Amino acid sequence: MHIIESGNVAAATGVKLARAQVIAAYPITPQTPLTEKLSEFVESGALKAEYIPVESEHSAMAVCIAASTAGTRAFTATSANGLLYMVEQLHWAVGARLPIVMCVANRGIGAPWTVWNDQQDTISQRDAGWIQIYANDHQQIIDAVIKAFRLAQTVSIPVMVCYDGYLLSHTYMPFDVPEQSKVDSFLPAFAPTHFLDPENPGNFNTVTLPDIRPGVDGEMAPGYIEIRHNLHQDLRATLDTFVEIDKAFEKEFGRGGNPLVEKYRCDDADFVAVCIGSLSYQLRDVIDIMRENDVKIGVMGVQMYRPFPDKAIVDALRGKKCAIVFEKALSYGNQGALYADIKAALYTSEKKPRIHNYILGLGGREIKTQQLLDALTASCTSPDTFEDTPRWIGLKL
Amino acid sequence: MENQTTILNLTEEEFVHPGNRACSGCGLSIVYRIGLKALGKNTILVVPPSCLTVLQGLYPVASTKLPCVNVTFASTGAAATGVRAAMRALKKENVNVVAWAGDGGTSDIGIQALSGACERGEDIIYICYDNEAYMNTGVQRSGTTPQGVITTTTPIKGKLQEKKDVPSIIAAHGIGYVATASAAYPLDFYDKVRKATTISGPRYIHVHTPCPPGWSFETRYTIKVGKLAVQTGLFDLYEIENGEFRLTGASKNLVGKARLPVTEYFKTQGRFKSLDKDIIKKVQEQVDAKWARY
Amino acid sequence: MTTRTFCNKISRSKPSPGDGGNTGSWRVLRPVINLEACIPAKRNKKACFHCWLYCPDSVVSKTIPPVINYEYCKGCGICAEECPADAISMVDESTHPVEEK
Amino acid sequence: MRKDIIEIRWHGRGGQGAITAAKIVANAAFVSGYKGVVMAPTFGTERRGAPVFTSLKISREKIYDLSPITTPDMVIVLDHSLLDEVNVTAGLKENGLVVLNAPKPVSEYTFDGMRVAVSDVTKHAVEAGLPPGIVNSGIIGAFAKASGLVDIDVLVQAIEDEFSGKKPEKNAKAARIAYENTELKVPK
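Protein chains in written order, with this note's numbering: chain A, 4 to 400; chain B, 15 to 308; chain C, -8 to 92; chain D, 20 to 207.
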């Protein structure tokens, strides 16, 4: 059934359909309507879950970590400084291999204070080990939340479902709400083999030595580096696993097919714009205009940013003249993070394109279609003359 | 509270394995061993970084026979909340969810999460073992380090500020049960933990825990030093049950009697070596004034 | 579908004694119980057991007479200090060559 | 930039229900076959009583551009007092439409060559039995009459759905009265 609601409500509805058991959240703009909706679901009985109104984001993730360790499906949501306040916990949740799902309504980071959208918050956490999925519209939000729970418990790694603050979180558009019975068959109950259990006591997240050490049963137990290596290998394998989960989702719900990158008019293109989030949809209109003017251009949205789908991106860019990377975030003092990642991925590839970097929209600065058109036109007109440093769009002073 | 438990009827079952990494003469080892006896098998522990993290064992060996989740330093109260929420969701209601943290993890970095859990009325037991400094990292001052104490971050003059009164702060949340205890009086501590298991909502027990290396005394004096803190009237054993305050055990027996001077306690430990006459006089006056109200 | 086993390495410990190794080797002084003075030994009934109660490392048994597990006893001396009958003396460990293992 | 998108800007005051009104129209438009419907409220620091605006884009095809409206086809003004504070016609396309809740007749208002529709929604809402100051259901009636975009019956159904449990029939009635009492002025 289609409803017209905000992106936050789409996310909350996904969490409800996924039957999250423990939800803890601390309000922060623009995530708040999501947590308000979830508390309403729980209070009204529409969702049988524990809703913990914690005193901080650090504690929100603490509740999720503990509840997940105890064997329940846990969820939280945040934005911007809230995400940064739980950074220690993000890394902890990954190291403990807990299938927590968290929505992040992307927002710029203070100081100075900004409540408006960019993606510096989640991009800054790209190395935490969380899986990061980005949604471009409300349908993708609700679908991603449901897929995220299955992915998280399949690979034992937490998943962030990210969507642009305000642009998606507060904007209303139609989306289909999947049937509960179908979600139930797609998403099996969380049944971990190890959990906090007085009948089978274990000590979780114990201090782990630099070296391997024999265990109680005589078997050699890994040291910290082996455990972290295993996490990394599992994250790399997650790329294929998510493709499979997306296929299973498509079979059940008839939607999907672009789990890692979502391409638009890229196949015959000479130029490909690349970005993360709803901007990739805004760019479609620009691509259409340029196509009308016989510029062979397409746009690719990076849907999963961590683990990084380097192969999918390199394949999509092979033989192109130029990739133009737009970013609402920056690795300060260097370049756009996505730009640097793509550049690194292309390093060993045959027939690699030129690559350009634009920074835009920080702190909610409006991104006008004309500006995108101008930037793309400049890149397509002189692909060989660009510097290896980001150009900024929309600076007024 | 009268002791119900005696040495003779105290359970023999042990929940802490020997051969763990706690220091020789460790006060925490005593309260942990006794506390787990009181909690029993049907318990889940939540532990932030502290000496207990080391006592509990290094991967892949656990020195505790109970399920335990190690959590980040600031998150103990919230993590215990999460375990309890999961128990409700899984309909495993009769499990003790017990946070066990040190004084730094409680009075300093963890107080926000603990306060939040108390305000929400979470059904958890929180035990703070107070060895009055960051012992695990090498004896740095904490909020509960008493005034004048030499630590590695107050190395010459001793700590300038007074000890933070954490049990009173927690009691101000209006929770059903707050108690203090001492490693030197394990049966009193045992009974308080037992009582806590029979109450629901947030329960807080603050247990004074002598530390031979951190306080600079010989390992064999752990009990003696702990008892002196009580007998001089510096650290009081009490309960606040449903808002009602009462002294218990050894402290209750002190009412109306002559107490040992605080210097008897101070002189047993190297950490007090920088105390000057003025501070000693002030502390004695504070103790006398406090006891005049009991 | 993927057949990979995910998350096969994680820090999750199992209970066992001796995480710190043979902590008996930490001792400088060894507690030795004089059974002539030990209250439960002398009376041959369950009594006293201060050594058992106060032992931080649960290496004293609540038996008649109490027995100390020297494999793990760290030699702190609390039992000797708290024994109301002064039945436990702390003796130089070097006078007790490695006899039990 | 897409020609197929109809852009409607709603001007109100914080708490007046402009978002709800736009949402109702969005729902009705979707039901009427507009696959592309995007409604975006003012982002950020709305405060009760302060002027706010809401963007509504409608198209037969899916809409990908979520940026705020800058060149609306029509503007809906929930409160004529806003005219003194806000340039409601900013960016309004040539031959655009202004739908205004105001007590005076349409002849009193001129917006520089734009079409103007006026209804005394505040009065009609009270006639419908609503407490004074509820204007967001009534303005939808004026919008329906003036724009002709969405059928009034579909809108009334959307109003009843939205106000389910909150005087749906009175809100619906307010919309119908306003619909019947909307004057349109088309400049020569």
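All C-beta atoms in this analysis are idealised placements derived from N, C-alpha and C, irrespective of residue type, glycine included.
Please read all numbers here as calculations on a predicted model, not as lab measurements.
Asked, Found
"Can you tell me the Cα-Cα spacing of residue 293(A) and residue 167(D), whole angstroms?", "33 Å"
"Count Cβ pairs between the segment 311 to 324 of chain A and the segment 257 to 274 of chain A that sit closer than 8 Å; are there 3 or more?", "yes"
"Contact defined as beta carbons within less than 8 Å: I believe residue 166(A) pairs with residue 108(A). What is the distance between those atoms, to the nearest angstrom?", "6 Å"
"Counting only C-beta atoms, is residue 37(C) closer than 7 Å to chain B at any point?", "yes"
"Pair every Cβ in the segment 41 to 50 of chain A with every Cβ in the segment 207 to 215 of chain A, then say whether three or more of these pairs are closer than 8 Å.", "no"
"Spell out whether any CB of chain B is found under 7 Å from the CB atom of residue 200(A).", "yes"
"Determine the direct distance from the alpha carbon of residue 70(C) to that of residue 49(B), and round the result to whole angstroms.", "19 Å"
"What does DSSP give as the partner residue(s) for residue 148(B) in the beta ladder?", "154(B)"
"Tell whether a beta-carbon distance below 7 Å holds between residue 131(A) and residue 93(A).", "yes"
"Is there a Cβ of chain C sitting closer than 7 Å to that of residue 53(A), yes or no?", "no"
"Report the rounded CA-to-CA distance for residue 323(A) versus residue 133(B), giving the unit in angstroms.", "59 Å"
"Please check if any C-beta of chain C sits within less than 7 Å of the C-beta of residue 79(B).", "yes"
"Give the interface partners of residue 86(D) over in chain A, defined as CB-CB distance under 9 Å, in chain order.", "170, 285, 369, 370, 371 and 372"
"Restricting to Cα atoms, I'd like to know which of 260(B), 192(B) and 208(B) is closest to residue 308(B).", "260(B)"
"With H, G and I counted as helix, E and B as strand and the rest as coil, what does DSSP make of residue 92(C)?", "Residue placement at residue 92(C) cannot be trusted, given a pLDDT of 41 that sits under 50; the coordinates are not used to answer."
"So if DSSP puts residue 70(D) in a beta bridge, which residue, or which two residues, is it bridged to?", "32(D)"
"What three-state label does DSSP hand residue 73(B) in the structure shown?", "coil"
"Do you know how far the Cα of residue 139(D) is from the Cα of residue 96(D)?", "12 Å"
"Pull up the DSSP beta-bridge partners for residue 259(B), would you.", "254(B)"
"Just the C-alpha distance for residue 335(A) and residue 241(A), rounded to the nearest angstrom, thanks.", "28 Å"
"Looking at residue 71(D) and residue 33(D), is the spacing between their C-beta atoms short of 7 Å?", "yes"
"Which stretch, first to last residue, makes up the beta strand (DSSP E) that contains residue 134(D)?", "134 to 138"
"Could you compute how far the alpha carbon of residue 154(B) sits from the alpha carbon of residue 347(A)?", "45 Å"
"Taking three-plus beta-carbon pairs below 8 Å as touching, is the segment 47 to 56 of chain D in contact with the segment 120 to 136 of chain D?", "no"
"Select from 23(C), 55(C), 65(C) and 48(C) the residue whose C-alpha is nearest the C-alpha of residue 37(C).", "55(C)"
"Could you please give the first and the last residue of the uninterrupted alpha helix (DSSP H) stretch that includes residue 301(A)?", "Note, residue 301(A): premise wrong, no alpha helix (DSSP H); beta strand (DSSP E) at 300 to 305."
"I want to know whether the segment 56 to 76 of chain A touches the segment 87 to 96 of chain B - three or more CB-CB distances under 8 Å.", "yes"
"Are residue 21(C) and residue 82(C) close, meaning C-beta to C-beta below 7 Å?", "yes"
"Helix or strand or just coil, what does DSSP make of residue 190(D)?", "helix"
"Spell out whether any CB of chain B is found under 7 Å from the CB atom of residue 69(C).", "yes"
"Chain B beta carbons: is any one of them nearer than 7 Å to that of residue -4(C)?", "no"
"If you check the beta carbons only, do residue 9(C) and residue 33(B) fall under 7 Å apart?", "yes"
"Kindly indicate which residue of 103(D), 200(D), 205(D) and 181(D) has the alpha-carbon position closest to the one of residue 39(D).", "181(D)"
"Mind pulling the chain A residues with CB within less than 7 Å of residue 60(D)?", "173"
"For residue 26(B), count neighbouring C-beta atoms within 10 Å of its own C-beta (all shown protein chains included) and say buried if the count is 16 or more, exposed if not.", "exposed"
"Could you work out which residues of chain B lie near residue 4(C), taking near to mean beta carbons separated by less than 7 Å?", "71, 73, 74, 75 and 76"
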